[in-house]
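Just below is one structure, and these are the notes that go with it.
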Ligand SMILES: [Zn+2]
């Protein structure tokens, strides 16, 4: 693993501003319904990104001086680190106050590809009270999964939530993530072209049913992949993608909306009236929120929204 913190260029300085609050990814977890929902679990801490990165590096005993080889790493001047172990350093961009950043996605027809040909089975956004930071795309185990853009493989590992997962860093600063693979065919440091097979589709990690969980991130912040890709047509929506404050504001709003909804998992012996009492609401409200009747039989483990 290479890990470095160095004085940064202007884009990296931007990253530092973005990352005034940083937290280390502890990896996501799956939803109780068997879906692969990834949420931010770690308490949010006010940390300067550089401090955070430096601390993380020291914690694992690795802090290299800058060397020229880092120049070949895509987007290094934006990230100032190259970590082949941690999937994301989750950095909040609520303080993104900068002008629009225009990322070039494509110069030609063959420099981008849909990772697989399947349709969307679950979109980006809030789902049952949690955030889903990617698109789920239908595939069958063994189907090839290909790189969306050219870049360098940063992560190729097994993670208990993502299963076999590959993350690729692209030269425009975007990173793409491909999860639940049955097989990985690339290693960190591999240079890869758009359309190159990086693994085979599968159902590993917290996943029930073969599918590809596909994420797009910029400086660790998730972006709805369907803003970049027209999945149905398997094409890019545009040759460029603009990132600005609004890009992440909508995410923050969705996240807030998701966390505003509270759910309770039914336990043995629970009744609607007991659940209502415990959460300071009424049986009527529970019925309305969950589209059930007062006489409905509750299942143990059933998730009931209560606010
Ligand atoms: Zn997913």
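Numbering (my numbering), first residue to last: 1497 to 1803.
Here a beta-carbon is modelled for each residue, glycine too, at the ideal position from N, C-alpha and C.
- Distance check between residue 1714 and each of 1667, 1765 and 1626 places 1667 closest, using alpha-carbon atoms only.
- Cβ-Cβ separation between residue 1632 and residue 1702: approximately 12 Å, too far for a contact (criterion under 8 Å).
- For residue 1744, the enclosing alpha helix (DSSP H) has its first and last residue at 1741 to 1756.
- Secondary structure of residue 1724 (DSSP, three-state): helix.
- When beta bridges are read from the DSSP output, residue 1598 appears opposite 1738.
- Secondary structure of residue 1675 (DSSP, three-state): strand.
- Taking a C-beta distance under 7 Å as the contact criterion, residue 1637 and residue 1705 do not qualify as a contact pair.
- The segment 1725 to 1739 makes no contact with the segment 1762 to 1781; the number of CB pairs closer than 8 Å stays below 3.
- Residue 1581 carries a coil assignment under DSSP once its states are collapsed to helix, strand and coil.
- Membership of residue 1773 in the alpha helix (DSSP H) is indicated by the continuous run 1768 to 1774.
- By the beta-carbon neighbour count (other beta carbons within 10 angstroms, threshold 16), residue 1603 is exposed.
- At least 7 Å separates the beta-carbon of residue 1652 from that of residue 1611.
- Contact check for residue 1620 against residue 1716 fails: the beta carbons are separated by 7 Å or more.
- For residue 1779, the uninterrupted alpha helix (DSSP H) segment begins and ends at 1779 to 1786.
- Bridge partners of residue 1603 according to DSSP: none are assigned.
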